[in-house]
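Residue numbers (UniProt numbering): 1 to 168.
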């Protein structure tokens, strides 16, 4: 009976060790994939606040994390007042969209960015809008600037068509 318990304990320990090893391997593999290219758009300024969009093509949560880590390596972006973002992508072999957003303290900004991506049916994309607060409250105008910054970079990177493009 004691030998049976020891054998079972060893088997359980072996399975736990294998599970931990596979988790570690997945984390290491994540870092081996190249970071998607990040494109930064033009800054929109209003009453001393500045908004800058950033965009990257993403196909997984790992890509999203890589892009965010890379952006935060830039001290100016890391020290910004808010870095709100939203993303949408279809995992390989799936017809279900994976999407999420983050406000980073700018209440409702992330969900509004995600809503913009949804109504534009933007796919396989992460949009980050960085805000440097200038000391003057903008009220609802801040959402206009956040969405305009995001829309501008989505258009310039070909994720959505403008009316001019449709007429061609």
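Idealized CB from N, CA, C, for every residue including glycine.
- For the pair residue 83 and residue 130, the CB atoms are nearer than the 7 Å cut-off.
- Contact between residue 125 and residue 58 is confirmed by a C-beta separation of about 7 Å, below the 8 Å threshold.
- Rounded to the nearest whole angstrom, the CA to CA distance from residue 35 to residue 70 is 8 Å.
- Where residue 57 is concerned, the enclosing beta strand (DSSP E) starts and stops at 49-57.
- Cβ-Cβ distances below 7 Å link residue 148 to 44 in the same chain, with the five nearest sequence neighbours on each side left out; the list follows chain order.
- In the three-state scheme derived from DSSP, where H, G and I count as helix and E and B as strand, residue 146 is classed as helix.
- Of the residues 108, 72, 76, 63, the one whose Cα lies closest to the Cα of residue 98 is 63.
- Per DSSP, the continuous beta strand (DSSP E) segment holding residue 127 begins and ends at 125-132.
- Per DSSP, the unbroken beta strand (DSSP E) holding residue 40 starts and ends at 38-40.
- Beta-carbon to beta-carbon, residue 127 and residue 138 are separated by about 20 Å, too far to satisfy the 8 Å threshold.
- Residue 53 counts as buried, since at least 16 other C-beta atoms from the protein chains shown sit within 10 angstroms of its C-beta.
- Comparing C-alpha distances from residue 113 to each of 87, 46, 141, 81 shows the shortest one belongs to 87.
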